[in-house]
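Structure, as C-alpha cells:
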Amino acid sequence: MEIKNTVQRWVRFHLIKHWYEKYERILLPAMLLFGVITDAWAFAEIDTVVVLSILGVYLVTSGGIILFLNRYDTKILPDLNRFRCYLRLLSPLLIQFLFGALLNAVFIFYFFSGTLFVSWPFLLLVVFLMISNDVFRHHFVKPLVQVSVYFFLLFSYVSIALPFLFNSLSIWLFIVSGAASIILISVYLFVLTRLAASTKKQSINFILSILVISIFMNALYFFNIVPPIPLALREHLVSHGIVRSAGGYLLHVEKESWWKKIFIGSTFHKSGEESLSVYTAIFAPKNLNAKIIHDWQWYDTTKKEWVSKDRLSFLLTGGRREGFRGYSTKTTVPAGQWRVYVKTERGQVLGRVSFTVVIASESIILKDILK
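Next up, the structure:
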C-alpha cells in the first residue's frame with residue numbers, strides 16, 4: 002500500500018512538472034508581471050516603512066532560494082523528499098516574482114526621486130535587468146548571474162533603506178550602505194560555497210562581479226546620477242507671482258491646455274519687468290531637513306549653451322505627505338528658453354522645470370491656484 006501511494010505521488014509530481022514545463026514561457030513572465038503589480042499596489046496603499054519591510058523579506062527569501070537551488074542541484078542522487086522536489090520545481094517562478102518585485106521597487110524609488118534627464122543610465126540598467134529577468138531567464142539559473150543580480154539588489158535596497166531609517170541625505174550613509182552590502186554578500190558567498198561545492202571554482206568571478214558593481218554604483222552616486230532618496234519631487238509649477246495665503250500659497254498662473262503643456266511645452270508671457278516664480282512640492286520623511294536649490298538656467302543662443310543665471314535656495318522640512326512647499330523668485334527673466342533644476346546641496350537632481358518666456362503683446366489671462 003505504501004509503495005502504491007509513493008508511486009501515485011511521483012506520477013502526480015511528474016504530471017505537474019510536465020504541465021509546468023509546457024507553460025513555463027507563460028508562467029515566468031506572468032510571475033514577473035504579478036511582482037510589478039504587487040509593487041504598484043503596495044506603493045499606492047501602504048506606508049513606506051511597511052513597504053521597505055516587505056522588500057526586506059523578499060530580499061532574504063530570494064537569497065534563501067538561490068542557496069536552496071544551488072544546494073539541490075549539486076546532489077548526485079535524486080531527492081525523494083516531496084516538499085523539496087516541489088520547491089525545486091517552483092523555485093524559478095519564485096525567483097522571477099521576487100527579482101521582478103525587487104527590481105520594480107528599485108525603479109519606483111529612484112524614478113520618483115530623480116529626473117529621467119539625469120538618472121536615465123541607472124534607470125535604464127534597472128529596466129534592462131527587469132526585461133532580461135524574463136527574456137534571458139535561463140541565464141538566471143547560473144550562480145554567477147544570480148549572485149550578481151542579488152548583490153545589485155542588496156546594494157540598492159540598503160542604500161534606499163538607510164536614508165529612510167536615519168532621515169538623512171549624508172554622503173556617509175551611502176558609503177556605509179556600500180560597506181554593509183559588501184560584508185553581507187561576503188558572508189552570503191561563504192555560506193553558498195559551503196552548501197554548493199561546485200560554486201567554489203567561481204569564487205574569483207563572484208569577487209570580480211561584486212567589485213565591478215560596487216565601482217559602478219559609487220560612480221553613479223558621486224557623479225550625481227543616482228537621485229537623492231528619500232526625497233521626491235511631487236509637483237512643480239511656474240507662476241507669475243506667489244503670495245502666502247491662509248493655509249498655503251496662492252499662485253497666479255496662465256490658463257493653458259494640458260495637451261499644449263505636454264506636447265508643445267509651457268510658455269509664459271511676460272509683461273515689462275515682471276518677475277517669475279518656480280513652485281515645488283517635495284516629499285521628505287518626518288524629521289529630515291535639507292537645503293534645496295533652484296538652479297535657474299537660460300539658453301544662450303549666441304554661445305549655443307545653457308548658462309546658470311541664479312542659484313536660489315530654501316530649507317526643506319520633512320513630514321508633509323503632499324510634500325514640503327517652497328519656491329524661488331527671479332526678477333530678471335529675459336525672453337528665451339529656461340530650465341530650473343531642483344537639486345540638493347550636494348548637487349543631486351530631483352527634477353527639472355522647463356519653460357519658454359516670451360514678451361506679451363496683449364493682456365494675459367491668469368487664474369489663481371491655492372497650494
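Residues 2 to 372 in this note's numbering are what the sequence shown lists, from first letter to last. Even glycine gets a Cβ: it sits at the ideal position worked out from N, Cα and C.
Comparing alpha-carbon positions, which option in the options lies nearest residue i?
| i | options | result |
| --- | --- | --- |
| Trp307 | Leu174, Arg340 and Ile67 | Arg340 |
| Ile67 | Leu196, Val50, Val239 and Val159 | Leu196 |
| Ile365 | Ile243, Asn206, Glu275 and Ser54 | Glu275 |
| Val148 | Val358, Tyr342, Ser204 and Ile283 | Ser204 |
| Val330 | Gly273, Thr302, Leu316 and Arg312 | Contrary to the premise, residue 330 reads as Thr rather than Val in this sequence. Residue Arg312 is the option with its Cα nearest to Thr330. |
| His253 | Tyr189, Phe69 and His241 | His241 |
| Leu145 | Lys305, Val159 and Thr194 | Thr194 |
| Leu56 | Leu154, Ser92 and Leu94 | Leu154 |
| Arg235 | Ala198, Asn288 and Phe325 | Phe325 |
| Pro460 | Val58, Ser92, Phe167 and Arg83 | In the structure displayed, the chain extends from 2 to 372; residue 460 sits before or after that span and is not available. |
| Leu317 | Gln338, Asn288, Phe269 and Ser267 | Asn288 |
| Tyr342 | Lys368, Thr333 and Ser309 | Ser309 |
| Ser54 | Ala162, Lys202 and Phe84 | Ala162 |
| Lys368 | Phe217, Asp301, Glu255 and Tyr189 | Glu255 |
| Ser314 | Glu346, Glu323, Ile370 and Lys201 | Glu346 |
| Thr333 | Glu323, Ile370 and Ser278 | Ser278 |
Which first and last residues belong to the alpha helix (DSSP H) in which residue i is found?
| i | result |
| --- | --- |
| Val148 | Pro144 to Phe167 |
| Ile205 | Ser204 to Phe223 |
| Asn290 | Premise fails: Asn290 lies in the beta strand (DSSP E), Asn290 to Asp301, not in any alpha helix (DSSP H). |
| Arg312 | Taken as a continuous stretch (DSSP letters only), Arg312 belongs to no alpha helix (DSSP H), being part of the beta strand (DSSP E) at Glu306 to Thr318. |
| Gly348 | It is not in any alpha helix (DSSP H) - Gly348 carries neither H nor E in the DSSP assignment. |
| Gly179 | Ile172 to Leu196 |
Would residue i and residue j be called neighbours here (beta carbons separated by less than 8 Å)?
| i | j | result |
| --- | --- | --- |
| Asn225 | Gln349 | yes |
| Ile293 | Gly249 | no |
| Leu251 | Val244 | yes |
| Ala361 | Lys305 | no |
| Ile283 | Leu232 | yes |
| Tyr151 | Ser63 | yes |
| Leu351 | Pro228 | yes |
| Phe222 | Lys372 | Looking at the sequence itself, residue 222 is Tyr, so the reference to Phe does not match. No, these two residues do not count as a Cβ contact at 8 Å. |
| Ser187 | Val107 | no |
| Ser182 | Val213 | no |
| Thr75 | Ser199 | yes |
| Tyr59 | Leu99 | yes |
| Phe69 | Leu91 | no |
| Arg85 | Tyr73 | yes |
| Thr302 | Thr357 | no |
| Gly337 | Trp299 | yes |
What does the Cβ neighbour count give for residue i, buried or exposed, with the cut at 16 atoms within 10 Å?
| i | result |
| --- | --- |
| Leu170 | buried |
| Val51 | exposed |
| Pro335 | exposed |
| Lys344 | buried |
| Trp173 | exposed |
| Val8 | Residue confidence is low: Val8 scores 48 on pLDDT, short of 50, so the model does not pin down where it sits. No coordinate-derived value is stated. |
| Asn71 | buried |
| Arg353 | buried |
| Ile184 | exposed |
| Val12 | Per-residue confidence for Val12 stands at a pLDDT of 49, beneath the threshold of 50, marking its modelled position as unreliable; the derived number appears in the next sentence. Exposed: under 16 other Cβ atoms inside 10 Å. |
| Ala291 | buried |
| Lys296 | Per the sequence shown, residue 296 should be read as Asp rather than Lys. Asp296 comes out buried. |
| Leu78 | Residue placement at Leu78 cannot be trusted, given a pLDDT of 49 that sits under 50; what the coordinates show is reported in the next sentence. Its Cβ having fewer than 16 others within 10 Å, Leu78 is exposed. |
| Gly65 | exposed |
| Gly101 | buried |
| Val61 | exposed |
| Phe191 | exposed |
| Ser246 | exposed |
| Val359 | exposed |
| Ile230 | buried |
| Ile211 | buried |
| Gln97 | buried |
| Leu209 | exposed |
| Glu363 | exposed |
From which residue to which residue does the beta strand (DSSP E) around residue i run?
| i | result |
| --- | --- |
| Gly64 | First-last for Gly64: Thr49 to Asp74, but that is the alpha helix (DSSP H), not the beta strand (DSSP E). |
| Ala233 | Ala233 to Ser240 |
| Thr281 | Leu277 to Phe284 |
| Glu255 | Gly249 to Glu255 |
| Ile370 | Leu367 to Leu371 |
| Arg326 | Phe325 to Lys331 |
| Lys271 | Thr268 to Lys271 |
Would you say residue i lies against chain D (beta-carbon separation less than 8 Å)?
| i | result |
| --- | --- |
| Asn288 | The structure shown contains no chain D; it holds only a single protein chain. |
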